[in-house]
Amino acid sequence: MRGFYGVTLPSGLMLGTAQYPSPAVLQAAFADSGASVATVSLRREAGQGQAFWDIIRALGVHVLPNTAGCHSAREAVTTARMAREVFETNWIKLEVIGHADTLQPDPFGLLEAAETLAAEGFEVFPYTTEDQVLAQRLLDAGCRVLMPWGAPIGSGRGLNNPYGLRTLRAAFPDVPMVIDAGLGLPSQAAAAIEMGFDAVLLNTAVAQAGNPAVMARAFGLAVQAGVLARDADPMEPRDMAAPSTPLIGKAWL
Amino acid sequence: MSDVTIIGAGVAGLFAAHELASRGVHPRIIDRNGPPGPHGCSWWAGGMLAPQCEGVTAEPVIPRLGAEAAAAWARITPVTRRGTLVLALDRDRSELARFARRADCHETRPVADLEPELSQHREGLFFPTEAHLDPRQALADLVQSLAARGIPIEKGEVGPDDIDGPVIDARGLAAALPGLRGVRGEMVVLHAPDITLSRPVRLLHPRHPLYIVPRAGNIFMLGATQLESAARAPVSARAALELLSAAYALDPRFAEASVLELGADLRPAFADNVPRVVVRGRVLHLNGLFRHGYLMAPALARQAADFLLTRTKGELIHED
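Those protein sequence lines, which keep their order, are chains V and G.
With this note's numbering as the guide, the letters of the first sequence map in order to residues 152 to 404.
With this note's numbering as the guide, the letters of the second sequence map in order to residues 11 to 330.
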């Protein structure tokens with residue numbers, strides 16, 4: 152796996168920390184999945200979420216604060232600065248929402264905030280679309296990681312544009328990339344890893360499952376399966392059927 | 011002369027006093043603010059006794075022990091047993107299907123049969139055995155029932171260390187127990203003279219779930235947000251927008267309602283969001299009722315009394 156700002160993660164599974172039935176269930180989901188990164192929102196719980204933040208720190212994984220719910224570069228930058236103080240990390244998942252209904256990223260606000268934050272020494276994980284031009288601009292701004300979306304946040308639709316994601320992956324072979332948002336099933340996570348992405352980040356698919364800890368474990372296993380499959384050099388699709396057992400002994404013409 | 015001192019006159023402390031008194035124990039009850047009022051989170055509750063609906067996300071012990079709540083409260087205060095109706099907007103039908111898969115004891119019914127005024131919604135899930143009460147009426151009735159037994163609510167700032175003998179500490183967050191956190195909830199109270207609902211209605215929504223609990227006189231309580239924050243600030247504009255927009259989506263006539271109250275408070279909760287009796291020597295801490303104050307206070311009080319009188323250890327008992 153490519154490193155994230157110099158950090159090699161033991162697992163390519165990153166989990167959000169919102170919407171779980173209880174903190175105890177959240178803890179079980181992390182323990183059972185082997186997730187290596189916890190994202191946490193500062194804005195919504197702003198100010199006095201101390202007890203909850205202590206629970207996040209106690210998970211013993213890397214904490215990736217995010218700017219979820221910010222609708223402008225200015226808001227996102229303020230939230231990022233606050234997150235750095237609270238969690239004592241330069242990592243920030245940068246989310247600038249461009250549309251209230253689809254929650255899709257605002258590419259212009261994202262780039263502006265990324266430039267500001269990178270100049271202040273933040274290690275920015277930008278939540279972006281699969282747009283290759285925007286990706287290049289984000290890298291130029293100082294981002295060393297990209298987080299393209301699979302599908303709109305919370306939609307559970309998986310990899311909406313596999314062609315675009317493949318193209319993006321191929322365009323920047325050295326850049327660590329995380330599929331962020333839109334995953335609903337472990338098979339989609341495995342597909343993302345098989346495609347060459349380094350990690351997946353999800354929240355709703357686990358937190359809102361009937362059994363979050365079991366679903367988290369399923370995602371952890373799917374990520375492992377994806378890594379094994381990718382490293383095992385998968386076959387290419389063929390046009391002609393090729394039997395895996397010999398045909399000798401049967402009549403064929 | 012009292013046999014046990016209870017600190018905290020919220021729903022947990024008052025119900026514990028009632029339970030002990032009904033078993034022949036004479037408790038004393040003290041609260042730093044005196045009788046219940048807007049200073050305590052019990053004041054801001056919805057008053058739904060909905061073990062099956064809560065069981066969709068809560069630990070199994072909540073529906074199991076919450077099942078005794080309606081009968082226990084009915085001995086103290088009026089309890090309305092008309093069930094719960096769960097709805098989703100057409101766009102979110104999958105939320106209803108998911109809720110139905112995960113909930114026990116319900117039936118799918120045409121909304122028009124149950125709440126004719128909401129007949130623009132086609133089908134809902136009906137939980138016929140669930141109930142609701144008016145929390146402020148319930149608190150007043152508890153206070154009155156205790157007064158009739160010669161137990162007043164004393165006003166005074168004390169902690170367990172200031173008192174000799176057995177103590178029940180039911181102060182909520184003020185008890186500052188390890189692992190106890192505040193979960194912020196915000197609610198709105200409306201007066202809508204044109205609207206009549208006969209039971210609590212829950213609206214499932216991917217972002218802004220809502221419940222509406224009807225009270226006497228066309229008063230409706232809208233709740234409640236759930237934030238991992240211990241901020242005691244007044245209701246945020248965002249929360250009010252979310253709750254009111256969801257109510258408007260449920261029934262546009264809510265747009266004409268008068269806003270009577272906006273309330274915010276912190277619910278004390280442990281990591282599993284299940285209440286506990288934490289035993290520390292002669293002090294029993296009744297705490298962590300989360301959003302289940304009225305649903306779980308009867309079971310919590312019963313198990314605390316069992317432990318105090320017979321050392322029986324129910325599943326909510328945690329010896330520290």
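By construction, the Cβ of each residue, glycine as well, lies at the ideal position given by its N, Cα and C atoms.
Min CB distance residue i to chain G below 8 Å
| i | result |
| --- | --- |
| V:ILE206 | yes |
| V:SER223 | no |
| V:GLY305 | yes |
| V:GLN339 | no |
| V:GLY335 | no |
| V:ALA219 | no |
| V:PRO172 | yes |
| V:PHE203 | yes |
| V:GLN199 | yes |
| V:ALA227 | no |
| V:ALA175 | yes |
Simplified DSSP state of residue i, which is helix, strand or coil
| i | result |
| --- | --- |
| G:ASP8 | The requested residue 8 of chain G is not part of the displayed model; chain G covers only 11 to 330. |
| V:THR267 | helix |
| G:ARG225 | strand |
| V:MET101 | With chain V covering only 152 through 404, there is no way to say anything about residue 101 of chain V. |
| G:GLU252 | helix |
| G:GLU196 | strand |
| V:ALA224 | helix |
| V:ALA350 | strand |
| G:LEU183 | helix |
| G:GLU29 | helix |
| G:ARG312 | helix |
| V:PRO174 | helix |
| G:MET58 | strand |
| V:TYR278 | strand |
Residue from the options whose Cα sits closest to the Cα of residue i
| i | options | result |
| --- | --- | --- |
| V:ALA332 | V:LEU353, V:VAL326, V:LEU316 and V:ALA342 | V:LEU353 |
| V:ALA117 | G:ILE72, G:THR67 and G:ILE222 | No answer is possible for residue 117 of chain V: the residues shown for chain V start at 152 and end at 404. |
| V:PRO324 | V:GLN287, V:ALA392, V:GLN339 and V:VAL237 | V:GLN287 |
| G:ALA250 | G:GLY23, G:ASP102, G:LEU232 and G:SER104 | G:LEU232 |
| G:ARG312 | G:GLY182, G:VAL287, G:GLU329 and G:ASP330 | G:VAL287 |
| G:ALA113 | G:GLY303, G:GLN62 and G:GLN154 | G:GLN62 |
| G:HIS28 | G:LEU124, G:ILE163 and G:CYS115 | G:ILE163 |
| V:THR279 | V:LEU334, V:ALA251, V:TYR314 and V:LEU262 | V:LEU262 |
| V:ALA264 | V:THR168, V:ALA231 and V:VAL191 | V:ALA231 |
| V:PRO216 | V:PHE238, V:GLN199 and V:LEU290 | V:PHE238 |
| G:GLU133 | G:SER52, G:ARG103, G:THR139 and G:ILE173 | G:ARG103 |
| V:VAL357 | V:ALA269, V:TYR156 and V:GLY307 | V:GLY307 |
| G:GLN236 | V:VAL158, V:PRO172 and V:PRO385 | V:PRO172 |
| V:GLY272 | V:THR355, V:VAL228 and V:PRO388 | V:VAL228 |
| V:ALA169 | V:ALA179, V:VAL191, V:ASP382 and V:ALA270 | V:VAL191 |
| V:LEU316 | V:ARG295, V:LEU193, V:ASN241 and V:ASP349 | V:ASP349 |
| G:ALA310 | G:VAL168, G:ILE72 and G:ASP13 | The question names Ala, yet the displayed sequence has Leu at residue 310 of chain G. Checking every option, the nearest Cα to that of G:LEU310 belongs to G:ILE72. |
| G:ARG225 | G:HIS131, G:GLY34 and G:ALA55 | G:ALA55 |
| G:LEU75 | G:LYS323, G:LEU305 and G:THR320 | G:LEU305 |
| G:GLY34 | G:ARG194, G:ILE161 and G:ILE327 | G:ILE161 |
Below-8 Å beta-carbon distance, residue i vs any chain V residue
| i | result |
| --- | --- |
| G:PRO216 | yes |
| G:GLY182 | no |
| G:THR94 | no |
| G:ALA309 | no |
| G:GLU238 | yes |
| G:ARG212 | no |
| G:ALA234 | no |
| G:ASN283 | yes |
| G:ARG191 | yes |
Give me the subset of the stretch 96–126 of chain G whose CB atoms are less than 7 Å from a CB atom of chain V, sorted by chain position. If the cut-off is 7 Å between Cβ atoms, the stretch 96–126 of chain G has ARG112 near chain V.
Taking contact to mean 3 or more Cβ pairs, one atom from each stretch, closer than 8 Å, check whether the stretch 240–254 of chain G and the stretch 197–214 of chain G are in contact. Cβ pair count under 8 Å is three or more, so yes.
Taking only beta carbons into account, state which residues of the stretch 240–274 of chain G come closer than 7 Å to chain V, listed in chain order. The stretch 240–274 of chain G vs chain V, Cβ under 7 Å: ALA240 and ALA241.
Taking three-plus beta-carbon pairs below 8 Å as touching, is the stretch 266–284 of chain G in contact with the stretch 123–138 of chain G? Judged by Cβ distances under 8 Å, the stretch 266–284 of chain G makes no contact with the stretch 123–138 of chain G, as fewer than three pairs qualify.
Interface positions of the stretch 66–79 of chain G facing chain V (Cβ-Cβ less than 8 Å), listed along the chain: Cβ proximity to chain V below 8 Å picks out THR67, ALA68 and GLU69 from the stretch 66–79 of chain G.
Touch test, the stretch 206–215 of chain G against the stretch 24–41 of chain G, Cβ-Cβ under 8 Å, three pairs minimum: By the Cβ criterion, the stretch 206–215 of chain G is not in contact with the stretch 24–41 of chain G, since fewer than three pairs of Cβ atoms, one from each stretch, lie closer than 8 Å.
Got a sec: which bits of the stretch 344–365 of chain V sit with their beta carbon under 9 Å from any beta carbon on chain G, in order along the chain? Within the stretch 344–365 of chain V, contact with chain G at the beta-carbon level (separation under 9 Å) is assigned to THR355, GLN359 and GLY361.
Is the number of C-beta pairs between the stretch 181–194 of chain V and the stretch 360–369 of chain V that are closer than 8 Å three or more? Yes, since at least three Cβ pairs between the stretch 181–194 of chain V and the stretch 360–369 of chain V fall closer than 8 Å, the two stretches touch.
Does the contact criterion of 3 or more C-beta pairs under 8 Å hold for the stretch 97–108 of chain G versus the stretch 265–275 of chain G? No, the stretch 97–108 of chain G does not touch the stretch 265–275 of chain G.
Taking contact to mean 3 or more Cβ pairs, one atom from each stretch, closer than 8 Å, check whether the stretch 204–222 of chain V and the stretch 239–253 of chain V are in contact. Short answer: they touch.
Three-pair Cβ contact test at 8 Å for the stretch 369–379 of chain V versus the stretch 157–169 of chain V: Using a C-beta cut-off of 8 Å, the stretch 369–379 of chain V makes contact with the stretch 157–169 of chain V, since at least three inter-stretch Cβ pairs fall below that distance.
Within 8 Å, do at least three Cβ pairs link the stretch 11–26 of chain G to the stretch 186–196 of chain G? Cβ pair count under 8 Å is below three, so no.
Contact between the stretch 135–147 of chain G and the stretch 79–90 of chain G (3+ Cβ pairs under 8 Å): In short, these stretches touch, since the Cβ pair count reaches three.
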